[in-house]
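Student: After the structure tokens below, expect a handful of questions from me.
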Amino acid sequence: MVLVYIDHQDNQIKKSTLEAVSYGAALAKQLGTEVHGLLLGSVNDDLAALGAYELKNVYQINDSALAHFDAQVFVKTIAAAATKVGATSIVFSHNQTGKALCAGVSALLKAGLVTGAIALPNTSAGFVVKKSVFSGKAFANVSIQTAVKIIAISPNSYKVEGGAAVVATTTPLDIAVSAGHVNITAVHKTSGEISLTEADIVVSGGRGLKGPENWGILLDLAKELGAATACSRPVGDAHWRPHHEHVGQTGVQVAPNLYIAIGISGAIQHLAGVNRSKTIVVINKDPEAPFFKAADYGIVGDAFELVPQLTDAIKKMKASA
Amino acid sequence: MKILVCISKTPDTTAKIAFTDGAKKFDESGVQWIINPYDEWYALVRAIELKEKDPTTIIHLITVGGADAEPIIRKALALGGDEAFRINTDSADSFSIAAQIAAVANTEKYDLIFTGKETIDYNGASIGGMLAALIDAPYIPLATAFNIEGTTATITREIEGGEEVVTVNHPVVVSCQKGVAEQRIPNMRGIMAARTKPLNVIEPAAVEALTSIESFELPAPKAGVKLISPDNVEELVRLLHEEAKAI
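Protein chains in written order, with this note's numbering: chain Y, 3 to 323; chain S, -17 to 229.
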């Protein structure tokens, strides 16, 4: 059985979970087995609707100790649940929650783990999963040698496939949940912003914008596109933008459908964080900027003129569509 | 207080990524090796800062690797730390590394264990989580701030779309990223002192890897950039809509 971890936040199922469910369903089909979900705690969303992604059933463990996130407690609970239901493959999204959980579950079950997976496994000989390595500069094909396999898929790397006429059932699962040691004292949401790692479109700015006071044109473009905003390392280091927006080898790695780089030269460390983007647009006044070599589309010119024009052109296109 | 900082050796961030031996091995020729930036800039520096506040703090550094990892661990000792361990075996996979470190952690009994959030070569982001599970300690991944009063640590960690502040009594395993500390450069005094700090080579525990890398691939080269005239931004929008289907 393929077991997919149903990650949720604020009582809602996350988009990255739908990717993991779609991946799990395809994996189950490939292995000739069933796909089930595993939910710790509760959500307001209708679990039956997960059937649209071909999920047969959701095992739910509802215990007051699971009301707040504690990786140690969750890891033990997931490992016990996976053993109880006889899971042979466990799928996580490799988002922030997945990063907190998958490794611990792997260690407890002595089940081989591939994180940052970007494709279904090759099962023609063994079980080989492709993952991104060297911060997006290469891929590795990793063989899992244990009976139970754990895969954490990179966000935005697997297409959500809905529309199946399945109604998922919910089965309560009785697992003894141990008490935790972690207390959550505050949560700071960057309200209204779109999560960088989950975004379909990312608009990113570099030193070419000359100062934080000039970010308005970039924010307007991002708003028009429904995009998350990001920045290069010098911009984060100079505190022009919050450091959680820093994209690159030592910052956040993103893989959106569209990455628009404005006034970023494209140092190799920056490219490492973005080169799994499906389409890259570069706007830079320097025709020699290395970023153009990694781009699909480019405009050589002044960002201060081009970005507002781009926002207007997108508005027009939307109006005529 | 006793802190363990996990140190990994990685290729420099500008290293050319190429493979040899039928794409089975990373091509190490001409590669400069560095301390994994997350381990050095954030995990190690924060541990050093805690020792500066409380000089009774003991910092141990640990790495899993052959003799070729020694320059890296010496460099880490030049930044700070009292003593280092090198577990004398090639790192096979994340689990085997975590299990080797867990064997040491189980005897040494650390209050805090710091790792970087991931290494910049294999991007596993797994050692901290595996280690925490193996020694049955709380795990706080993706920390952006770390403070401790008495035995209670207050840690800010990244969650999707924001941050969360948690408190936890040690022992605890924390994976560190930007925000936890600021990068430091080793000074001459540190470099001299590092030469005489103990670097203990210990033989590996019997641990089996759970995974192995079959082969590597490089991404397909880009077809080349399509340049659009700055006078024709509408054309870019049309291409993004019709050709790339990105908007």
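All C-beta atoms, glycine included, are put in the ideal place defined by N, C-alpha and C. The model shown is predicted, which means the values in this text are computed figures rather than measured ones.
Less than 9 Å between the C-beta atoms of Leu200/S and Phe1/S, yes or no?
Tutor: One-based indexing of the second sequence puts residue 200/S at position 218. One-based indexing of the second sequence puts residue 1/S at position 19. Result yes, Cβ atoms of Leu200/S and Phe1/S sit closer than 9 Å.
Student: Three Cβ pairs or more, each shorter than 8 Å: is that satisfied between the segment 109 to 121 of chain Y and the segment 60 to 80 of chain S?
Tutor: The segment 109 to 121 of chain Y vs the segment 60 to 80 of chain S: in contact.
Student: Give a yes or no on whether the C-beta atoms belonging to Pro258/Y and Ala201/Y are separated by under 9 Å.
Tutor: Residue mapping note: residue 258/Y aligns to position 256 of the first sequence, counting from 1. Residue mapping note: residue 201/Y aligns to position 199 of the first sequence, counting from 1. Their beta carbons are under 9 Å apart, which means Pro258/Y touches Ala201/Y by this criterion.
Student: Going by beta carbon distance, what residues of the same chain come within less than 7 Å of Val77/Y, once the five residues before and after it are set aside?
Tutor: Position 75 of the first sequence, counted from the first residue, corresponds to residue 77/Y. So the qualifying residues of the chain are Leu103, Gly106, Val107 and Leu110.
Student: By Cβ distance below 6 Å, which residues in the same chain neighbour Phe198/S in space, the five residues on each side in sequence not counted?
Tutor: By 1-based counting over the second sequence, the position of residue 198/S is 216. Same-chain partners within the cutoff: Phe1 and Ala5.
Student: Using a threshold of 9 Å, state whether the C-beta atoms of His38/Y and Leu57/Y are closer than that.
Tutor: The count along the first sequence starts at 1 and reaches residue 38/Y at position 36. The count along the first sequence starts at 1 and reaches residue 57/Y at position 55. Cβ distance < 9 Å, so His38/Y and Leu57/Y count as in contact.
Student: Can you find the residues in the same chain that come closer than 8 Å, C-beta to C-beta, to Tyr55/Y, ignoring five residues on each side of it along the sequence?
Tutor: Within the first sequence, residue 55/Y is the residue found at index 53, counting from 1. Cβ neighbours of Tyr55/Y beyond the five flanking positions: Leu20, Val23, Ser24, Ala27, Val162, Glu163, Gly164 and Ala166.
Student: Along chain Y, in chain order, which residues have C-beta atoms closer than 8 Å to that of Ala228/S?
Tutor: On the second sequence, residue 228/S is found 246 positions in, with the first residue counted as 1. Those within 8 Å of Ala228/S in chain Y are Ile203, Asn259, Leu260, Lys280 and Thr281.
Student: Would you identify the three-state DSSP class for Phe71/Y, choosing helix, strand or coil?
Tutor: Here residue 71/Y is taken as the residue at index 69 of the first sequence, counted from 1. Coil, per DSSP.
Student: Taking only runs that begin and end inside the segment 177 to 221 of chain Y, name each unbroken beta strand (DSSP E) of 3 or more residues, in chain order.
Tutor: 184 to 191 and 203 to 207, all fully within the segment 177 to 221 of chain Y.
Student: Tyr92/S touches chain Y at which residues, Cβ-Cβ below 7 Å?
Tutor: One-based indexing of the second sequence puts residue 92/S at position 110. Under the 7 Å cutoff, chain Y gives no residues; its nearest Cβ is about 15 Å from Tyr92/S.
Student: List, in order along the chain, the chain S residues whose C-beta lies closer than 9 Å to that of Leu41/Y?
Tutor: Against the first sequence, residue 41/Y aligns to sequence position 39. Near Leu41/Y there are no residues of chain S at all, since even the closest Cβ is about 17 Å away, more than 9 Å.
Student: If we define contact as Cβ-Cβ less than 9 Å, is His183/Y a contact residue for chain C?
Tutor: Chain labels in this structure do not include chain C; the protein chains are Y and S.
Student: Among residues of its own chain, excluding the 5 on either side of Val155/S, which ones have a beta-carbon nearer than 6 Å to its beta-carbon?
Tutor: On the second sequence, residue 155/S is found 173 positions in, with the first residue counted as 1. Only Ile95, Gly110, Leu113, Ala114, Ala119 and Tyr121 meet the Cβ criterion.
Student: With the cut-off set at 9 Å, would you say Ile120/Y and Lys132/Y are in Cβ contact?
Tutor: As a working note, residue 120/Y is residue 118 in the first sequence. As a working note, residue 132/Y is residue 130 in the first sequence. Contact: yes.
Student: In the DSSP assignment, what are the bridge partners of Thr171/Y?
Tutor: Looking up residue 171/Y in the first sequence gives position 169. Paired residue(s): Asn59/Y.
Student: Tell me the DSSP secondary structure of Pro168/S in three-state form.
Tutor: Numbered from its first residue, the second sequence carries residue 168/S at position 186. Three-state result, Pro168/S: coil.
Student: Residues of chain S with a CB under 8 Å from the CB of Val302/Y: which are they?
Tutor: In the first sequence, the residue the question calls residue 302/Y occupies position 300. Neighbours of Val302/Y on chain S, chain order: Leu209 and Pro212.
Student: Since Ala66/S and Leu26/S should fall inside the 8 Å C-beta cutoff, what is the C-beta to C-beta distance between them, to a whole number of angstroms?
Tutor: As a first step, residue 66/S must be located in the second sequence, where it is residue number 84. As a first step, residue 26/S must be located in the second sequence, where it is residue number 44. So it is not a contact: roughly 11 Å between Cβ atoms.
Student: Hey, Asn277/Y and Gly118/Y are a contact pair by Cβ (cut 8 Å); roughly how many whole angstroms apart?
Tutor: Mapped onto the first sequence, residue 277/Y falls at position 275. Mapped onto the first sequence, residue 118/Y falls at position 116. Not confirmed; about 14 Å, so no contact.
Student: Going by the beta-carbon positions, is the gap between Met3/Y and Gly128/Y smaller than 9 Å?
Tutor: Within the first sequence, the letter at position 1 stands for residue 3/Y. Within the first sequence, the letter at position 126 stands for residue 128/Y. In this structure, Gly128/Y does not lie closer than 9 Å to Met3/Y by Cβ.
Student: Does the segment 185 to 193 of chain Y come close enough to the segment 130 to 144 of chain S to have 3 or more Cβ pairs within less than 8 Å?
Tutor: The segment 185 to 193 of chain Y vs the segment 130 to 144 of chain S: in contact.
Student: Pick out whichever of Ser156/Y, Phe306/Y and His248/Y has its Cα sitting closest to the Cα of Lys212/Y.
Tutor: Residue numbering aside, residue 212/Y sits at position 210 when the first sequence is read from its first letter. Ranking the options by Cα distance to Lys212/Y, first place goes to Phe306/Y.
Student: What are the residues in the segment 303 to 321 of chain Y lying within 7 Å of chain S by C-beta distance?
Tutor: Answer in chain order: Gly303, Leu308, Gln311, Leu312, Ala315, Ile316 and Met319.
Student: Starting from Tyr7/Y, trace the beta strand (DSSP E) in both directions and tell me its first and last residue.
Tutor: Locating residue 7/Y in the first sequence gives position 5, where the first residue counts as 1. Taken as a continuous stretch (DSSP letters only), the beta strand (DSSP E) holding Tyr7/Y covers Val4 to Tyr7.
Student: At a Cβ cut of 8 Å, what residues of the segment 186 to 208 of chain S count as close to chain Y, listed as they run along the chain?
Tutor: Result list: Ala191, Leu192, Thr193, Ser194, Ile195, Glu196, Ser197, Phe198, Glu199, Leu200, Pro201, Lys204, Ala205, Val207 and Lys208.
Student: Assess contact between the segment 15 to 31 of chain S and the segment 45 to 62 of chain S, defined as three or more Cβ pairs (one per stretch) separated by less than 8 Å. Is contact present?
Tutor: A contact exists between the segment 15 to 31 of chain S and the segment 45 to 62 of chain S.
Student: Let me check understanding here. Comparing Cα to Cα, which of Val116/Y, His183/Y, Gln98/Y and His246/Y lies closest to Ser91/Y?
Tutor: Walking along the first sequence from the start, residue 91/Y turns up at place 89. Selected option, being the one with the closest Cα: Val116/Y.
Student: What's the gap between the Cα of Ile40/S and the Cα of His248/Y?
Tutor: If you number the second sequence from 1, residue 40/S lands on position 58. If you number the first sequence from 1, residue 248/Y lands on position 246. So the alpha carbons of these two residues sit roughly 33 Å apart.
Student: Chain S partners of Ser137/Y, CB-CB under 7 Å?
Tutor: Against the first sequence, residue 137/Y aligns to sequence position 135. Under the 7 Å cutoff, chain S gives Ile102 and Asn105.
Student: Would you say Val60/Y faces chain S, with C-beta separation under 9 Å as the test?
Tutor: The residue labelled residue 60/Y in the question sits at position 58 within the first sequence. Taking Cβ atoms only, chain S never reaches closer than 9 Å to Val60/Y, which makes this a no.
Student: Quickly, what does DSSP pair Glu145/S with across the bridge? List them, please.
Tutor: The residue labelled residue 145/S in the question sits at position 163 within the second sequence. Per DSSP, His190/Y and Glu140/S.
Student: Pick out whichever of Ala269/Y, His183/Y and Asp298/Y has its Cα sitting closest to the Cα of Leu68/Y.
Tutor: For the purposes of this step, residue 68/Y is identified with residue 66 of the first sequence, where counting begins at 1. For the residues Ala269/Y, His183/Y and Asp298/Y, the minimum Cα distance to Leu68/Y belongs to His183/Y.
Student: If you follow the alpha helix (DSSP H) that Gly300/Y is part of, which residue opens it and which one closes it?
Tutor: One-based indexing of the first sequence puts residue 300/Y at position 298. Not the alpha helix (DSSP H): Gly300/Y falls in the beta strand (DSSP E), residues Tyr299 to Val302.
Student: Would a check of beta-carbon distances place Gln255/Y closer than 9 Å to chain S?
Tutor: Here residue 255/Y refers to the residue found at position 253 of the first sequence. Yes, because at least one Cβ of chain S sits closer than 9 Å to the Cβ of Gln255/Y.
Student: With respect to the alpha helix (DSSP H) encompassing His272/Y, which residues constitute its N-terminal and C-terminal limits?
Tutor: Here residue 272/Y refers to the residue found at position 270 of the first sequence. Taken as a continuous stretch (DSSP letters only), the alpha helix (DSSP H) holding His272/Y covers Ile270 to Val276.
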